[in-house]
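Numbering (the numbering used here), first residue to last: 1 to 104.
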């Protein structure tokens with residue numbers, strides 16, 4: 001039986017607003033979607049595609065604005081330091097995924 005991994009929803013009013021306490025200051029964004037539900041579903045699909053890296057990681061979903069001003073929702077695991085986030089992103093990229101680190 002596959003374990004379900006909770007997706008933590010965080011929708012700050014601005015990209016620089018910190019997410020929920022304990023979720024980490026640095027988000028490794030592995031998907032960006034037009035809605036929270038799409039971001040959650042995309043993250044779950046990526047967990048299935050990259051189980052060795054994402055399988056045990058809970059996700060934070062954060063609201064952001066694209067360069068054009070459109071609202072998007074980023075999803076990925078959060079870490080307490082930029083070094084931890086960068087290392088995770090490096091491991092995820094080595095597994096075949098794409099990611100970027102953003103400050104929450």
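We put the beta carbon where it would ideally sit given N, CA and C, even for glycine.
Buried/exposed call for residue i, threshold 16 Cβ in 10 Å
i: residue 71; result: exposed
i: residue 68; result: exposed
i: residue 24; result: buried
i: residue 104; result: buried
i: residue 96; result: exposed
i: residue 80; result: exposed
i: residue 22; result: With a pLDDT of only 41 at residue 22, under the threshold of 50, the placement of this residue in the model should not be trusted, and no figure is reported.
i: residue 57; result: buried
Separation of residue j from residue i, as counted between CA atoms
i: residue 29; j: residue 102; result: 7 Å
i: residue 26; j: residue 49; result: 23 Å
i: residue 92; j: residue 64; result: 22 Å
i: residue 86; j: residue 100; result: 8 Å
i: residue 43; j: residue 84; result: 19 Å
i: residue 54; j: residue 46; result: 7 Å
Runs of alpha helix (DSSP H) wholly within the stretch 36 to 104 (minimum 4 residues, chain order): 36 to 49, 51 to 54 and 82 to 94
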